[in-house]
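Okay, structure first, notes after.
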Amino acid sequence: MTPTPDAQFWENRYSTPDFIFGTEPNDFLRSVAAEIPAGPVLCLAEGEGRNAVFLATRGHRVTAVDQSVAGLAKARALAAQRDVPLQTIVADLADLPIAPGAWSGVVAIFMHLPPALRRDLLARVAAGLRPGGVFVLECYTPAQIAFGTGGPKDPTLMPTLAALREELPGLEFSLGQEIERDVREGGGHTGRSAVVQVLARKPV
Numbered sequence: 005m006t007p008t009p010d011a012q013f014w015e016n017r018y019s020t021p022d023f024i025f026g027t028e029p030n031d032f033l034r035s036v037a038a039e040i041p042a043g044p045v046l047c048l049a050e051g052e053g054r055n056a057v058f059l060a061t062r063g064h065r066v067t068a069v070d071q072s073v074a075g076l077a078k079a080r081a082l083a084a085q086r087d088v089p090l091q092t093i094v095a096d097l098a099d100l101p102i103a104p105g106a107w108s109g110v111v112a113i114f115m116h117l118p119p120a121l122r123r124d125l126l127a128r129v130a131a132g133l134r135p136g137g138v139f140v141l142e143c144y145t146p147a148q149i150a151f152g153t154g155g156p157k158d159p160t161l162m163p164t165l166a167a168l169r170e171e172l173p174g175l176e177f178s179l180g181q182e183i184e185r186d187v188r189e190g191g192g193h194t195g196r197s198a199v200v201q202v203l204a205r206k207p208v
């Protein structure tokens, strides 16, 4: 399979010894991790594995998905360093099967997708959660363009909270907010940023 231009961009970016976004978990994920029920967790667009490995250290059976072979190789190395198991899958999110009712948690940290793909994927995410399961997301909003401290240059790849509420059918939002905050994650995300944060649960 020939990599798409976007896939090749990330393959090139992750093909370095340095962890572009650091090895520590995202601050928002860390703050809400206790809300994820015991059980398997799916981490989407996971890159170099910092968030997946963190959740594995909390006892979850974690599957990390990304389109970059190089990124997931670094994820496995980080898991080995932290002495936790980690399953990795190289896949395009457009083609990723998500079994209904399979996951206690699904996590998407700084996952930026074209709107049509995002809508399709988030519908699969909502269906893929077990009753009581939790979806955790943080990503940039279109307002991030003005900050220039990370993220894509195309504002259509960055959702608003209103869009996410429409795209997560059947989930109850325990937390949903658009805020400005300082993001310090390696050299890739650094500085004042405009983000949306979501903690949503599938009803029991």
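Every letter in the sequence shown is one number past the one before it in my numbering, and letter 71, counting from 1, is 75. From the three backbone atoms N, C-alpha and C, an ideal C-beta is built for every residue, glycine too.
Along the alpha helix (DSSP H) that carries L124, what are the first and last residues, could you check?
It is Asp, not Leu, that sits at residue 124 in the sequence shown. D124 -> alpha helix (DSSP H) spans P119 to G132.
In terms of DSSP beta bridges, what is F139 paired with?
When beta bridges are read from the DSSP output, F139 appears opposite V110 and A204.
S19, DSSP secondary structure in three states
In the structure shown, S19 sits in coil (DSSP, three-state: anything other than H, G, I, E or B).
Rounded to a whole number of angstroms, what is the C-alpha to C-alpha distance between T145 and A131?
Rounded to the nearest angstrom, the two C-alpha atoms are 24 Å apart.
Do E39 and V187 count as a contact pair if the criterion is CB distance below 7 Å?
No, Cβ-Cβ distance for V187 and E39 is not below 7 Å.
Buried or exposed: D10, going by 16 or more other Cβ atoms within 10 Å of its Cβ?
Residue burial is scored here from C-beta neighbours: D10 has fewer than 16 other C-beta atoms within 10 angstroms and is therefore classed as exposed.
Using 7 Å as the threshold, is the C-beta distance between A74 and S108 below it?
S108 sits away from A74, with the two beta carbons spaced by 7 Å or more.
Check T209 in the structure and name its three-state DSSP category.
Beyond the ends of the chain as shown, which are 5 and 208, falls residue 209; an answer cannot be given.
Out of curiosity, what's the CA-to-CA distance linking R62 and V208?
So the two alpha carbons sit approximately 23 Å from each other.
Using a 10 Å radius around the Cβ and a threshold of 16 neighbouring Cβ atoms, would you call N16 buried or exposed?
Within a 10 Å sphere around the beta-carbon of N16 sit fewer than 16 other beta-carbons, which makes this residue exposed.
State yes or no: is the C-beta of V69 within less than 7 Å of the C-beta of L48?
In terms of Cβ geometry, V69 and L48 form a close pair [threshold 7 Å].
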